[in-house]
Amino acid sequence: MDLLIQNGRVIDPSQGIATQADVLVENGRVTAIQHNITAPQAQRFDASGLVVAPGFIDLHTHLREPGREHAETIESGGRAAAAGGFTSVLAMPNTQPVNDNVAVTQFIIQTAHECSPVNVFPIGAITEGSRGERLAPIGAMHEAGAVAISDDGMCVMNSNLMRQAMSYASGFGLTVIDHCENFDLSAGGQMHEGFNAVRLGLRGIPGSSEDIMVSRDILLAAETGVRFHVAHLSTAVALEMVRHAKQGGLPVTCEVTPHHFSLTDEDMKDYDTNYKMKPPLRSRKDRDALIQGFADGTVDAIATDHAPHAGSEKMQEFDMAPFGITGLETALGLALDRLVHPGHITLTRLVELFSINPAKIAGLDRGTLKPGAVADITIFDPERRWTFDVNQTCSRSRNTPFHGFSLRGGPVATIVAGKIVWQVG
Amino acid sequence: MRMHRRGLLGIEALSREEIQQILDRAKFYQPLQARTGNKLDTLRGKTIIHLFYESSTRTRTSFEIAAKRLSADTVSITGKGSSADKGESLLDTLNTLAAMRPDAIVMRHSSSGAPHFLARFLETPIINAGDGSHEHPTQALLDALTILDHKPSLQGLRVAIIGDIVHSRVARSNLHLLTKFGAEVVLCGPPPMLPRECICFHPAVKLTYRIEEAITDSDVIMMLRVQFERQNAPLISSANEYYGFYGLRLEHLKAARPDAIVMHPGPINRGREISSEVADFPRSAILNQVENGIAVRMAVLDLMLGKQVPEVRSDNSK
Numbered sequence: 159m160d161l162l163i164q165n166g167r168v169i170d171p172s173q174g175i176a177t178q179a180d181v182l183v184e185n186g187r188v189t190a191i192q193h194n195i196t197a198p199q200a201q202r203f204d205a206s207g208l209v210v211a212p213g214f215i216d217l218h219t220h221l222r223e224p225g226r227e228h229a230e231t232i233e234s235g236g237r238a239a240a241a242g243g244f245t246s247v248l249a250m251p252n253t254q255p256v257n258d259n260v261a262v263t264q265f266i267i268q269t270a271h272e273c274s275p276v277n278v279f280p281i282g283a284i285t286e287g288s289r290g291e292r293l294a295p296i297g298a299m300h301e302a303g304a305v306a307i308s309d310d311g312m313c314v315m316n317s318n319l320m321r322q323a324m325s326y327a328s329g330f331g332l333t334v335i336d337h338c339e340n341f342d343l344s345a346g347g348q349m350h351e352g353f354n355a356v357r358l359g360l361r362g363i364p365g366s367s368e369d370i371m372v373s374r375d376i377l378l379a380a381e382t383g384v385r386f387h388v389a390h391l392s393t394a395v396a397l398e399m400v401r402h403a404k405q406g407g408l409p410v411t412c413e414v415t416p417h418h419f420s421l422t423d424e425d426m427k428d429y430d431t432n433y434k435m436k437p438p439l440r441s442r443k444d445r446d447a448l449i450q451g452f453a454d455g456t457v458d459a460i461a462t463d464h465a466p467h468a469g470s471e472k473m474q475e476f477d478m479a480p481f482g483i484t485g486l487e488t489a490l491g492l493a494l495d496r497l498v499h500p501g502h503i504t505l506t507r508l509v510e511l512f513s514i515n516p517a518k519i520a521g522l523d524r525g526t527l528k529p530g531a532v533a534d535i536t537i538f539d540p541e542r543r544w545t546f547d548v549n550q551t552c553s554r555s556r557n558t559p560f561h562g563f564s565l566r567g568g569p570v571a572t573i574v575a576g577k578i579v580w581q582v583g
Numbered sequence: 064m065r066m067h068r069r070g071l072l073g074i075e076a077l078s079r080e081e082i083q084q085i086l087d088r089a090k091f092y093q094p095l096q097a098r099t100g101n102k103l104d105t106l107r108g109k110t111i112i113h114l115f116y117e118s119s120t121r122t123r124t125s126f127e128i129a130a131k132r133l134s135a136d137t138v139s140i141t142g143k144g145s146s147a148d149k150g151e152s153l154l155d156t157l158n159t160l161a162a163m164r165p166d167a168i169v170m171r172h173s174s175s176g177a178p179h180f181l182a183r184f185l186e187t188p189i190i191n192a193g194d195g196s197h198e199h200p201t202q203a204l205l206d207a208l209t210i211l212d213h214k215p216s217l218q219g220l221r222v223a224i225i226g227d228i229v230h231s232r233v234a235r236s237n238l239h240l241l242t243k244f245g246a247e248v249v250l251c252g253p254p255p256m257l258p259r260e261c262i263c264f265h266p267a268v269k270l271t272y273r274i275e276e277a278i279t280d281s282d283v284i285m286m287l288r289v290q291f292e293r294q295n296a297p298l299i300s301s302a303n304e305y306y307g308f309y310g311l312r313l314e315h316l317k318a319a320r321p322d323a324i325v326m327h328p329g330p331i332n333r334g335r336e337i338s339s340e341v342a343d344f345p346r347s348a349i350l351n352q353v354e355n356g357i358a359v360r361m362a363v364l365d366l367m368l369g370k371q372v373p374e375v376r377s378d379n380s381k
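Residue numbers (the numbering used here), protein chains in the order written: chain A, 159 to 583; chain B, 64 to 381.
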């Protein structure tokens, strides 16, 4: 069935569009953006007062399937993504088994095809088992559908191996995504190194553990010519290095998570493990620098690092609990509430951060409403006031610090290939 | 009393008045704590579980004796030999124990914040007997009581705390308590054990990397053990290297006030952070601290679990 989205404020940075218009979708593709389109056969969606944007893409999602289906599945994670306004997610390879071969890549694609309301694009591992010892079959995974490579969470410590991976991946035009963490410096660390870690008696994770690897990877990217993307960048220093690399014309990009632009290391109370993630919540100075990076264009994308963990896994002593929080359903609300409404960025910039930029980073033919494009569309209300209730989450896990947060602005409908897969209740 | 029926998790959250109330009650118990012949009836019928996931000699014994002198029934469990060995989570273990309706749980755990985490889910009051590198509230209370045995007041005292500050729950609890009462705290240790951020605790906290500077004009010198077991990789090359620069020796004490006392929470390592001569010298208050531990813990248990005396409101005039 065709779909006519009427009277919305269409914002599509890929075409420089920001105007009141109708969007017509036929056979799962965008066919027109105009005023007063007549399409008597089409289903109508009244988007008055709403923003109509190219479908949002999350570059950094952990779907946990295969292997840890008690925490999340491709189906439940896909539904959480849809409920957050995302039409596509990139699935990190640290499943069990690791997505380091064609069979797992194909399993994820096939399962997503059958169960997930949103598009799932797998990311292949850089090394076998993400153990940092031998390269995984990068070319074969790419051929099977992997859109980027990363050993997320298991940063490749061997610089020569990383250089070889970058060099090889560049031949396929693949982006290398790195979780930048030097494990010698972060060993035993529980939260950002700073006064709060000292006060709480928790071992710190210094900014240098991230900064050293970001600088290494930028140097290696310059030597190999690969497209290098910094996952969940969290420090002022790393941001400055990315800024410098961009000024030098290197194909270096970075993403920042909603929790890193919304919270700091001062926010954790009572050893609540829902504030425990990697990289850790940083200092106020780092957070302010990230917001500046959004404003000046240094930050390319907002990515969630949605990392579900079952309740029992997080209900532990702080130093025993695993790192990571969920984030698909709160990302857009936080971005509107914390970045757009305070005036740090425009709505157009927000849409760019969620759509065309991640599409370019992952080399996807998405993130645009150009006629002929697949009709992945995110409709959101920049003004809707709502309170996030984790008990209503679509995810199988509830490890979020944002339960009870009142936000201004949030998703209204998610459309994948012309089909409405989620609408606000 | 806010503490009544609630736990004691740390010093940081307590007000000066609440601390004073515990110290006052401890002073009442000081002469009584050694009366082994006649138990007091204060906590007859109360059950206290002592749960120690980390090794302890003095704290555990001290808590048990304090409870027994007040006629409480006590049960003692260590991490080894408990269901933790069978893979039970800490929260499940505590829920199990809480279901047996003890009146309080005294616990020590190697994870910072373990009792704070549990307190969010349990109604049973928890008394923190040391959580990782975070707090050890009854140690700070007994240290304050010991200082007050020798000094008229905490106000204006210069207290040097020397050693492995970053890993020390004793240092944290003490600096919270001492600064609430107007003392100046000088923290001293090699830089890897003394994070610069420590100055953010309170304006009355000072840092120095030189033991001589820390001791100069101090009224109280608290020595801390180097906690090699909490260090990922050794922060210093050897015990000898450490002793050479940060071990307290008799000659250091000349720079302190003539009536300065030396304290140590124990266990002491002679020849590592403190020389034998200092540990045994007349103004060493180390055994005095141990004695006061019982009085302080009796006070805490009494205030938390004993019959509550209604507080007299001071503004009855209205």
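Note that beta-carbon positions come from the ideal geometry of N, C-alpha and C, so glycine has one too. Source: prediction; values computed, not measured.
{"query": "Given this structure, state the Cα-to-Cα distance separating PRO171 of chain A from PHE481 of chain A, to the nearest angstrom.", "result": "35 Å"}
{"query": "Do the segment 296–306 of chain B and the segment 252–263 of chain B make contact, defined as three or more Cβ pairs closer than 8 Å?", "result": "yes"}
{"query": "If you measure between the beta carbons of ILE266 of chain A and GLY282 of chain A, is that distance less than 8 Å?", "result": "no"}
{"query": "Indicate whether at least one CB of chain B lies closer than 8 Å to the CB of ALA394 of chain A.", "result": "no"}
{"query": "My output table needs one value for GLN474 of chain A: the three-state DSSP class, helix, strand or coil.", "result": "coil"}
{"query": "For the segment 468–492 of chain A, which residues have a CB atom closer than 8 Å to at least one CB atom of chain B, in sequence order?", "result": "SER470, MET473, GLN474, GLU475, PHE476, ASP477, MET478"}
{"query": "Per DSSP, GLY282 of chain A is paired with what?", "result": "A:ILE307"}
{"query": "Can you grab the Cα-Cα spacing for the pair LEU368 of chain B / ASP104 of chain B, in whole Å?", "result": "12 Å"}
{"query": "Return the residue from the list B:ASP166, B:ARG79, B:LYS243, B:GLN84 that minimises the CA-CA distance to GLY108 of chain B.", "result": "B:ASP166"}
{"query": "Three-state secondary structure (DSSP) at VAL249 of chain B?", "result": "strand"}
{"query": "Are ARG289 of chain A and PRO466 of chain A touching if we call contact CB-CB under 8 Å?", "result": "no"}
{"query": "Would you verify that the beta carbon of ALA177 of chain B is, or is not, closer than 8 Å to some beta carbon of chain A?", "result": "yes"}
{"query": "Sort B:ALA318, B:LEU71, B:SER173 by Cα distance to SER119 of chain B and report the nearest one.", "result": "B:SER173"}
{"query": "Below 8 Å on the Cβ atoms is my contact criterion, and I expect PRO212 of chain A with ILE535 of chain A to pass it. Report the Cβ-Cβ distance as a whole number of Å.", "result": "7 Å"}
{"query": "Quick one: list the residues of chain A neighbouring LEU270 of chain B, beta-carbon separation under 9 Å, in chain order.", "result": "In chain order: nothing, as chain A lies at least about 12 Å away."}
{"query": "Can you name the start and end residues of the beta strand (DSSP E) that CYS412 of chain A belongs to?", "result": "410–414"}
{"query": "Do you know how far the Cα of HIS350 of chain A is from the Cα of ASP378 of chain B?", "result": "Reliability fails at ASP378 of chain B, whose pLDDT of 45 lies under 50, so the model's placement of it is uncertain and the value that follows must be treated cautiously. For ASP378 of chain B and HIS350 of chain A, the distance between alpha carbons rounds to 47 Å."}
{"query": "Should HIS193 of chain A go down as buried or exposed, given a rule of 16 or more other Cβ atoms within 10 Å for buried?", "result": "exposed"}
{"query": "State the Cα-Cα distance for the pair SER325 of chain A and MET250 of chain A, rounded to the nearest angstrom.", "result": "21 Å"}
{"query": "Okay, do the segment 478–497 of chain A and the segment 364–383 of chain A touch, 3+ Cβ pairs below 8 Å being the bar?", "result": "no"}
{"query": "Under the three-state reduction of DSSP, which class applies to VAL247 of chain A: helix, strand or coil?", "result": "strand"}
{"query": "Please compile the residues from chain B whose C-beta is within a distance smaller than 9 Å of the C-beta of ALA345 of chain A.", "result": "ASN295, ALA296"}
{"query": "Where does LEU391 of chain A land, buried or exposed, given buried means 16+ other C-beta within 10 angstroms?", "result": "buried"}
{"query": "Between the C-alpha atoms of LEU366 of chain B and SER139 of chain B, what's the straight-line distance to the nearest angstrom?", "result": "21 Å"}
{"query": "Residue range of the beta strand (DSSP E) that THR536 of chain A falls in?", "result": "535–545"}
{"query": "Any Cβ of chain B within less than 8 Å of the Cβ of VAL314 of chain A?", "result": "no"}
{"query": "Jot down the residue ranges of each uninterrupted beta strand (DSSP E) in the segment 82–122 of chain B, minimum 3 residues, whole runs only, in chain order.", "result": "110–115"}
{"query": "Taking Cβ positions, are PHE203 of chain A and PHE512 of chain A nearer each other than 8 Å?", "result": "no"}
{"query": "ALA459 of chain A bridges to which residues according to DSSP?", "result": "A:GLU413"}
{"query": "Spatial neighbours of LYS472 of chain A within its chain, please: CB distance less than 6 Å, with the 5 preceding and 5 following residues excluded, ordered by chain position.", "result": "THR431, ALA479, ASN557"}
{"query": "Under 8 Å Cβ-Cβ, which residues of chain B neighbour PHE214 of chain A?", "result": "Neighbours of PHE214 of chain A on chain B: none; closest Cβ ~35 Å, over 8 Å."}
{"query": "Tell me, which residues are paired with PRO569 of chain A by DSSP?", "result": "A:PHE538"}
{"query": "So, is VAL375 of chain B buried or exposed, given that buried needs 16 or more other C-beta atoms within 10 angstroms?", "result": "For VAL375 of chain B, the predicted model reports a pLDDT of 46, less than 50, meaning its position is unreliable and no value from the coordinates is stated."}
{"query": "Taking any Cβ of chain A, which residues in the segment 252–271 of chain B have a Cβ under 8 Å from it, in chain order?", "result": "PRO258, GLU260, CYS261, CYS263, PHE264"}
{"query": "Does any residue of chain A have a CB that is nearer than 8 Å to the CB of MET232 of chain B?", "result": "The question names Met, yet the displayed sequence has Arg at residue 232 of chain B. Output row for ARG232 of chain B: interface = yes."}
{"query": "Given a limit of 9 Å on CB to CB distance, which residues of the segment 344–378 of chain A reach chain B?", "result": "ALA345, GLY346, GLN348, GLU351, GLY352, PHE353, ASN354, ALA355, VAL356, ARG357, LEU358, GLY359, LEU360, ARG361, GLY362"}
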